[in-house]
Amino acid sequence: MEATAAWQPQEEGFKEICGLLEHQISPTSTADKLQIWQQLQNFSQLPDFNNYLAFILSRAEGKSVEIRQAAGLLLKNNLRNAYKTMTPAYQQYIKSELLPCLGAADRHVRSTVGTIISVVVQLGGILGWPEFLQALITCLDSNDLNHMEGAMDALSKICEDIPQVLDSDVPGLPDRPIKIILPRLYQFFQSPHTSLKKLALGSVNQYIMLMPAALYASMNQYLQGLFALANDQAAEVRKLVCAAFVQLIEVQPSFLEPHLRDVVEYILQVNKNGDDEVALEACEFWSAYCNAQLPLENLREFLPRLIPVLLSNMAYADDDESLAEAEEDESLPDRDQDLKPRFHTSRFHGSDSVEDDDDDIVNVWNLRKCSAAALDILSNVFGDEILPTLMPVVEAKLAASGDESWKDREAAVLALGAVAEGCIDGLYPHLSQMVEFLIPLLDDKFPLIRSISCWTVSRFSKYIVQESGHQKGYEQFDKVLMGLLRRILDTNKRVQEAACSAFATLEEEAAEDLAPRLEIILQHLMCAFGKYQRRNLRIVYDAIGTLADAVGAELNKPAYLAILMPPLIAKWQQLSNSDKDLFPLLECFTSIAQALGTGFSQFAEPVFQRCIAIIQSQQLAKVDPVTAGFLYDKEFIVCSIDLLSGIAEGLGSGIESLVSQSNLRDLLLQCCMDDASDVRQSAFALLGDLARVCAVHLRPRLPEFLDVAAKQLCTPKLKESISVANNACWAIGELAVKVHQEISPIVMTVMPCLVPILQHSEVMVSMLLLCARFAHDIYDVISGAEQELNNKSLVENSAITLGRLAWVCPEILSPHMEHFMQSWCIALSMIHDDVEKEDAFRGLCAMVRRNPSGALSSLVFMCKAIASWHEIRSEELHNEVCQVLHGYKQMLRNGAWDQYMSALEPPVKEKLLKYQV
3 MEATAAWQPQ EEGFKEICGL LEHQISPTST ADKLQIWQQL QNFSQLPDFN NYLAFILSRA
63 EGKSVEIRQA AGLLLKNNLR NAYKTMTPAY QQYIKSELLP CLGAADRHVR STVGTIISVV
123 VQLGGILGWP EFLQALITCL DSNDLNHMEG AMDALSKICE DIPQVLDSDV PGLPDRPIKI
183 ILPRLYQFFQ SPHTSLKKLA LGSVNQYIML MPAALYASMN QYLQGLFALA NDQAAEVRKL
243 VCAAFVQLIE VQPSFLEPHL RDVVEYILQV NKNGDDEVAL EACEFWSAYC NAQLPLENLR
303 EFLPRLIPVL LSNMAYADDD ESLAEAEEDE SLPDRDQDLK PRFHTSRFHG SDSVEDDDDD
363 IVNVWNLRKC SAAALDILSN VFGDEILPTL MPVVEAKLAA SGDESWKDRE AAVLALGAVA
423 EGCIDGLYPH LSQMVEFLIP LLDDKFPLIR SISCWTVSRF SKYIVQESGH QKGYEQFDKV
483 LMGLLRRILD TNKRVQEAAC SAFATLEEEA AEDLAPRLEI ILQHLMCAFG KYQRRNLRIV
543 YDAIGTLADA VGAELNKPAY LAILMPPLIA KWQQLSNSDK DLFPLLECFT SIAQALGTGF
603 SQFAEPVFQR CIAIIQSQQL AKVDPVTAGF LYDKEFIVCS IDLLSGIAEG LGSGIESLVS
663 QSNLRDLLLQ CCMDDASDVR QSAFALLGDL ARVCAVHLRP RLPEFLDVAA KQLCTPKLKE
723 SISVANNACW AIGELAVKVH QEISPIVMTV MPCLVPILQH SEVMVSMLLL CARFAHDIYD
783 VISGAEQELN NKSLVENSAI TLGRLAWVCP EILSPHMEHF MQSWCIALSM IHDDVEKEDA
843 FRGLCAMVRR NPSGALSSLV FMCKAIASWH EIRSEELHNE VCQVLHGYKQ MLRNGAWDQY
903 MSALEPPVKE KLLKYQV
């Protein structure tokens, strides 16, 4: 403490630091900002530099508020990294300077101090700063507005950043801090000062999710405070009241149940008449209510009033940024800030696939979009019930003529798209007339009506395709197809984007039905490719990739390739290896390579070599960006590996010559050991793909590949990298069936990792069945269980890989089979018929032949797994399974076989008849 008291800033150091801060924040300063930043970094090495910053923030009254703030923000950043290594004396000095500033005259200084206090509490806890809590309470209890605001500002930041700190036991305190603070926050609900009401309410709201005992016990007081503030003059306060109701309905709906009618009425009124921001917060309530499993009756009576309000709010607001964007002509180049960040999804082998949300038709979350989302969820919950209220309003808006009512017409089309899923039963009989009505709107004079019509048509695409089996339905399908293709060539950027996205959805639904129209589709897409600006170009790539996925080998015709490939290859050659515009092109080529199969061989060599070059250059950039000439970006590696996987899948063994003449094997091993999980995920997918088609070229480094793959399964962090483990598991299985006995060194490393995954799956299935008996909604149980399992693909791949290992090394695994037979058979019984399942059953038969008694205790589960086959197509495997069953029947005499059979359900017994037992 003496050292703290003795510390004083040197005048020269004080002036120099203030001067640097002044240059740094001055927009007119001619000084080199990078040089100033470097000098400040050099100062950071001095042990008392942070003391200077604290002094400038708290005491440099002669300096501008901006300089004091800059010192405070730099102090905050420094403390994040250095606080725990500072001497206790300097820590104490900084804390002692901060507390008096809670009541500083300038609110910017108070706010900066609050931010730093939150960081110090985060790093040292309440116990590490005993004076803080007392100072905070003293300020809260004073009647001085500056002190109260400063304390509340710091407290609100702690509640937002580290709420659990205040809900923890502190030695020396009779109660947790939250219990001491909450009554004071409730008092501020009644303050005449809006700033205090807002900060207090926002702070309490942070605890709804955590629901500490102190809040639970004082819930009535909290609710009374909310009701009192519900009609506060300040929109910011009303917004927080609505946010509280939304969170309460999500977390603890029982608290609101006694007041539900009043709360729903209030939210409806705010939705109808409120400030747009308050209305947006209130609008979140409807989705939250529907997800809260509350009685629908309470909401049903409000639907006739609620639905027209939602429709009214779905019209574009006059200040909506989309109105300005909609005027943008296609000739206007995109700015860098127009390009949304893109995220490539690493390749994944298994049954679970993540669907993209293609309904995101507006970039910014606003009242219009929130209202549409609410209508969507209401339609899914109430179904056709809402149509008698909804359709007259929609029809009236659609019938409105004149340019001034275009926004109402647009909102009505949006409403039809929003309820397309939930109300399809009621809409289906009128689908043909509705689509006929929408088709001319694709050519409307207003761009935003054209774009929303594209989206709404796409929402019905599944049903449009279903109806295309008869002449009239096909004619309508063709009109929709041509209408969307016209809009793809629209001159308006927003319409281009909507049309391309809608067309991609139609492609997914129509699949091979598009084959007769492939030429005209390709002509339109490649015309768009030639004229789109950068942002929309990405969507064209997606539409081309989706088309390739949809029609597959149909694309492999010279006439189609002549339209498709030259523009793509020209773009491919135009872009450098570090240009991020390569990402969507790499993804597009991946789909094309898989679709064309061996037809891609004419394009394969330069594409393959470019992928290798990109991976090499990125691995160099990772260690030496100066020599590489650009900064490392792992996404280039992930996209390139995934394209190589696509080529392997397309060319099959035709890729062998390319692999043999490259250093792909060594690069791939590096990627399998990368510290980024998405790089490893894609690398193991490629390892499995190469194992299938050219395992011979992996052999020189096979032990290393197997060792690193096994490590992905035997990690304590399995849950955090489950997709990596999934692909590594699959790759081990693919290698096993190709290299046979060479896999043996890792069998006993991998088996103990696979068995717990299978056993966990077995426990989860049992929990599912148990929970389902008590659950209101089986889908809630399933989604909860899937979240716990994270993904069933890892279980399936574990079962298949264990079977493949057993097939090639039965002598190693069969002595241990009694430890995993039951859970393994349960997992096998859930896998669909395919070649991989056949491999697993070959392993099962091989182990049983070696150790029949090892499976005896799980015979019932084995019979269920065998009965899970719809049909074993391999005659050889069918005969092996027959031999296994007959072997047990002969082994189990004196009625023992019949006893086992009596434990099976009738459908299982019936399926076993085909094996003549």
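In the numbering used here, the protein residues as written are 3 to 919.
Ideal Cβ placement from N, Cα and C applies to all residues, glycine included.
- In the three-state reduction of the DSSP assignment, Asn382 falls in the helix class, which pools H, G and I.
- Counted as a single uninterrupted DSSP element, the alpha helix (DSSP H) harbouring Cys285 occupies residues 278-293.
- Contact between Gly471 and Gly424 is ruled out by a C-beta separation of about 25 Å, above the 8 Å threshold.
- For Cys811, the three-state secondary structure derived from DSSP is coil.
- Across the structure, Ser664 and Gln575 are spaced so that their CA atoms are roughly 21 Å apart.
- Burial is judged here by how many other beta carbons sit within 10 angstroms of a residue's own beta carbon; Leu429 has at least 16 and is buried.
- In the DSSP assignment, Thr629 falls within the unbroken alpha helix (DSSP H) covering 627-630.
- For Trp9, the three-state secondary structure derived from DSSP is coil.
- In chain order, Val311 place their CB closer than 6 Å to the CB of Lys274, counting only its own chain and leaving out the 5 sequence neighbours on each side.
- Straight across, the Cα-Cα distance linking Lys839 with Asp551 is about 25 Å.
- Shown here for Asp277: same chain residues with a beta carbon closer than 7 Å to its own, the five before and five after excluded, namely Ala237 in chain order.
- Nearest to Leu296 by C-alpha distance, out of Ile251, Ala500, Val115, Leu201, is Ile251.
- In this structure Leu653 is in contact with Ser603, their Cβ atoms being roughly 6 Å apart against a cut-off of 8 Å.
- Annotation: Pro306 to Thr391 spans about 6 Å, alpha carbon to alpha carbon.
- Secondary structure of Glu514 (DSSP, three-state): helix.
- Looking at the backbone, the Cα of Arg109 and that of Glu63 are separated by about 14 Å.
- For Glu18, the three-state secondary structure derived from DSSP is helix.
- Taking 4 residues as the shortest admissible run, the region 629-680 contains the following complete alpha helix (DSSP H) segments, listed from N- to C-terminal end: 636-653, 658-662, 666-674.
- The residue among Leu660, Ser662, Ser800, Pro705 with its C-alpha nearest the C-alpha of Val726 is Ser800.
- Between Leu524 and Ala545, the CB-CB gap reaches or exceeds 8 Å.
- Non-local C-beta neighbours of Gln208 in its own chain, meaning closer than 6 Å and more than five positions away in sequence, comprise Cys161, Glu162, Pro165, ordered along the chain.
- For Asp143, the enclosing alpha helix (DSSP H) starts and ends at 132-143.
- For Lys582, there is no enclosing alpha helix (DSSP H), since its DSSP letter is neither H nor E.
- If the five residues before and after Ala402 are omitted, its C-beta is found closer than 8 Å to the C-beta atoms of Asp410, Arg411, all from its own chain and listed in chain order.
- Taken through DSSP and simplified to helix, strand or coil, Lys200 comes out as helix.
- In the displayed model, His834 falls within coil according to three-state DSSP, outside both helix and strand.
- Between Leu671 and the set Ser659, Arg703, Ala417, the nearest pair of CA atoms involves Arg703.
- By the C-beta density criterion, Ile828 is buried, having at least 16 other C-beta atoms within 10 angstroms.
- The closest CA to that of Thr458, considering only Asp378, Ala156, Arg682, Ala513, is found on Asp378.
- Taking every protein chain shown into account, the CB of Cys811 has 16 or more other CB atoms within 10 angstroms, so this residue is buried.
- The C-alpha of Thr117 lies about 15 Å from the C-alpha of Ile128.
- Cβ atoms of Ile724 and Leu737 stay farther apart than 8 Å, at about 20 Å.
- With at least 16 other beta carbons inside 10 angstroms of its own, Arg806 counts as buried.
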